[in-house]
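Input: a single structure, listed below in structure tokens.
Protein chains: 2
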Amino acid sequence: MSGRREEILDAALAIADEHGIGKVSMRALAERVGVTPMALYRHVSDKAELLDGMVGRLLAGLLPPDAGKGRAWHERLAALGYAVRGMARRHPWAAQLLFSRPAVTPDAVRVVDLIYTALVEAGVPDREVPRLERLISTFVIGFAASEASGRFGTGSLDPRGRRGRLPEGELPGHGRLAPWLDLPWDLDTEFEADLDDLLRLIKAVAGGRD
Amino acid sequence: MSGRREEILDAALAIADEHGIGKVSMRALAERVGVTPMALYRHVSDKAELLDGMVGRLLAGLLPPDAGKGRAWHERLAALGYAVRGMARRHPWAAQLLFSRPAVTPDAVRVVDLIYTALVEAGVPDREVPRLERLISTFVIGFAASEASGRFGTGSLDPRGRRGRLPEGELPGHGRLAPWLDLPWDLDTEFEADLDDLLRLIKAVAGGRD
DNA sequence: TGTATACGTCTACACTGTATACGCGTGAGT
DNA sequence: ACTCACGCGTATACAGTGTAGACGTATACA
Numbered sequence: 001m002s003g004r005r006e007e008i009l010d011a012a013l014a015i016a017d018e019h020g021i022g023k024v025s026m027r028a029l030a031e032r033v034g035v036t037p038m039a040l041y042r043h044v045s046d047k048a049e050l051l052d053g054m055v056g057r058l059l060a061g062l063l064p065p066d067a068g069k070g071r072a073w074h075e076r077l078a079a080l081g082y083a084v085r086g087m088a089r090r091h092p093w094a095a096q097l098l099f100s101r102p103a104v105t106p107d108a109v110r111v112v113d114l115i116y117t118a119l120v121e122a123g124v125p126d127r128e129v130p131r132l133e134r135l136i137s138t139f140v141i142g143f144a145a146s147e148a149s150g151r152f153g154t155g156s157l158d159p160r161g162r163r164g165r166l167p168e169g170e171l172p173g174h175g176r177l178a179p180w181l182d183l184p185w186d187l188d189t190e191f192e193a194d195l196d197d198l199l200r201l202i203k204a205v206a207g208g209r210d
Numbered sequence: 001m002s003g004r005r006e007e008i009l010d011a012a013l014a015i016a017d018e019h020g021i022g023k024v025s026m027r028a029l030a031e032r033v034g035v036t037p038m039a040l041y042r043h044v045s046d047k048a049e050l051l052d053g054m055v056g057r058l059l060a061g062l063l064p065p066d067a068g069k070g071r072a073w074h075e076r077l078a079a080l081g082y083a084v085r086g087m088a089r090r091h092p093w094a095a096q097l098l099f100s101r102p103a104v105t106p107d108a109v110r111v112v113d114l115i116y117t118a119l120v121e122a123g124v125p126d127r128e129v130p131r132l133e134r135l136i137s138t139f140v141i142g143f144a145a146s147e148a149s150g151r152f153g154t155g156s157l158d159p160r161g162r163r164g165r166l167p168e169g170e171l172p173g174h175g176r177l178a179p180w181l182d183l184p185w186d187l188d189t190e191f192e193a194d195l196d197d198l199l200r201l202i203k204a205v206a207g208g209r210d
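As given, the protein sequences belong to chains A and B, one line each in that order.
Per full-length UniProt numbering, the first sequence starts with residue 1, numbered consecutively.
Per full-length UniProt numbering, the second sequence starts with residue 1, numbered consecutively.
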């Protein structure tokens, strides 16, 4: 019932994708739907709930259709990681929102369950599974949010310029690593390496003590 | 010169801490400083720059006074992690903002340098140091942001209620882990365990291939 | 003395989310 | 067939937002 709500959410998604989340106002959204701003409140209680609905809709598209049946746990986890990052690149506005609300929608719970079963299959002790799920998802969402919001970018200053602002010798680390810092780096391979390390971490927790 | 800017930033910090970041408006800030809203623009070009200045000020208070001299690299890293989390707990509004801008201020660069030198000392190959720095800081900030914004909370539904919304058997992971999910969990010890795992990961990268 | 510069005020504009009150059509119940 | 409720949309209005532009004034230096 009430496919109108979905229509509204889709319109909001379209605005966010085209002009950024900042342009999603009740007035702009209403105009896009072809209706008065106040009419939206019949289908959405709040602007906050509207935003929640938007990320919910994205999460729904995140689930692998076949749940990755037949593939190993580490392949399923990696695929999920790539899916999240891909989503964040397509919808840069969404990453930040993922941090703001717990995973309460049915789709979000399903995603969490995928991670749970993968970790169990990896041999992680039951007691540690929820914690590791939070560790992994926190990193993946954090990476996506950082990428989307420019935290990984150099800002207006390039690395050399940034270092130059401080007295020589106060940044021994930067000094030593200078050759690597000036290189342009590729976020694709970086994310891959990060996931690799995290999978290794999971194996360590699985195979380690008790 | 111009200690007025610092005065303004401090006033903004005070408002954010007392009433939340949402109450930091140019008008409210101006009133607190005892001045007209437009007067603020003599010391701050934007509201965005104001917010940047606020997190910059927090980062300045993050540096260990002695830079942790004499302590092992893993102690220094852990101390930094705890410091970030502590900051996020004292100023819940700040965590989200940390994601939005690259670390360009001198203080931020200094913090990054601390991590660099710790990783180098741990034996991480130079080439991998910047990546691992981003991995660690992304997780730590992500954890802090999640905690501050309620992502780790249960929301309005408790875990049992959340599961109940979906047909039985569709959440095998939740089913198996039910005993652990219903337990209240302690974020202090969780963060500790996470840092432990990350330090182990660093050692693995340091001691591993090439 | 003149002038530049730092600092502040006042007014105004274009927005924002949303409370409140009202109107209109449709479908169910008596 | 008459009423009533309800879903859905509209109109108006209010309090709040960031900030552009024009205008003052006081201090410092030529």
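Positions of the beta carbon are idealized from the N, C-alpha and C atoms, including for glycine.
Beta-carbon gap between residue i and residue j smaller than 8 Å
i	j	result
A/Leu-29	A/Ala-12	yes
B/Arg-89	B/Ala-118	no
A/Ile-15	A/Arg-32	yes
B/Arg-85	B/Ala-144	yes
B/Val-129	A/Leu-177	yes
A/His-74	A/Leu-201	no
B/Leu-59	B/Ala-122	no
B/Val-124	B/Leu-114	no
B/Leu-51	B/Leu-97	yes
B/Val-55	B/Ala-94	yes
B/Met-26	B/Leu-40	yes
B/Gly-142	A/Gly-142	yes
A/Tyr-116	B/His-174	yes
A/Met-87	A/Leu-62	yes
Nearest residue (CA-CA) to residue i, options the options
i	options	result
B/Glu-170	A/Ser-100, A/Arg-110, A/Thr-36 and A/Ile-8	A/Arg-110
A/Leu-183	B/Arg-127, B/Ala-206 and B/Gly-173	B/Arg-127
A/His-43	A/Ala-60, A/Val-35, A/Arg-5 and A/His-19	A/Arg-5
B/Ala-206	B/Asp-186, B/Val-120 and B/Leu-177	B/Val-120
A/Leu-187	A/Tyr-82, A/Ile-8, A/Ser-45 and A/Val-55	A/Tyr-82
A/Thr-138	B/Leu-97, B/Thr-189 and B/Asp-194	B/Asp-194
B/Leu-135	A/Glu-190, A/Leu-98, A/Thr-36 and A/Ala-72	A/Glu-190
A/Asp-196	A/Gly-175, A/Asp-46, A/Val-140 and A/Trp-180	A/Val-140
A/Pro-92	A/Ala-148, A/His-19, A/Ser-45 and A/Lys-69	A/Ala-148
B/Val-35	B/Pro-64, B/Val-104 and B/Glu-7	B/Glu-7
A/Phe-152	B/Ala-103, B/Ser-146, B/Leu-181 and B/Ala-72	B/Ala-103
A/Pro-106	A/Arg-71, A/Ala-72, A/Ser-146 and A/Arg-57	A/Arg-57
Secondary structure of residue i, DSSP reduced to three states
i	result
A/Gly-175	helix
A/Ser-45	coil
A/Asp-126	helix
B/Glu-170	coil
A/Asp-182	coil
A/Ser-149	helix
B/Gly-155	Low per-residue confidence applies at B/Gly-155: pLDDT is 49, beneath 50, and the placement is therefore not dependable enough to give any value.
B/Ser-137	helix
B/Val-33	helix
A/Gly-20	coil
A/Gly-3	coil
B/Asp-196	helix
Closer than 9 Å, Cβ to Cβ, to anything on chain A: give me those residues from the UniProt DNA-binding region "H-T-H motif" (25 to 44) of chain B, in chain order. Correct list: empty, as no residue qualifies.
Can you list the beta strand (DSSP E) stretches of 3 or more residues lying completely in the segment 59 to 122 of chain A, in chain order? Residue ranges of uninterrupted beta strand (DSSP E) with 3 or more members are absent from the segment 59 to 122 of chain A; none lies entirely inside it.
For the segment 139 to 151 of chain A, list every residue whose C-beta sits within 8 Å of some C-beta in chain B, in sequence order. Of all residues in the segment 139 to 151 of chain A, the ones placed with a Cβ closer than 8 Å to any Cβ belonging to chain B are Phe-139, Ile-141, Gly-142, Phe-143, Ala-145, Ser-146, Ser-149, Gly-150 and Arg-151, in chain order.
Short-range partners of chain B found in the segment 61 to 94 of chain A, where Cβ spacing is below 7 Å: Those would be none; no residue qualifies.
The segment 189 to 200 of chain B: which residues have C-beta closer than 7 Å to a C-beta of chain A, in chain order? Result list: Glu-190, Ala-193, Asp-194, Asp-197 and Arg-200.
Counting only Cβ-Cβ distances shorter than 7 Å, please list the residues of the segment 116 to 129 of chain B near chain A, keeping chain order. Contact residues of the segment 116 to 129 of chain B toward chain A are Tyr-116, Thr-117, Val-120, Asp-126, Arg-127 and Val-129 (C-beta to C-beta distance below 7 Å).
Positions along the segment 169 to 181 of chain A whose CB lies within less than 7 Å of some CB in chain B: When CB distances to chain B are screened at a threshold of 7 Å, the residues of the segment 169 to 181 of chain A falling below it are Leu-171, Pro-172, Gly-173, His-174, Arg-176, Leu-177, Trp-180 and Leu-181, in chain order.
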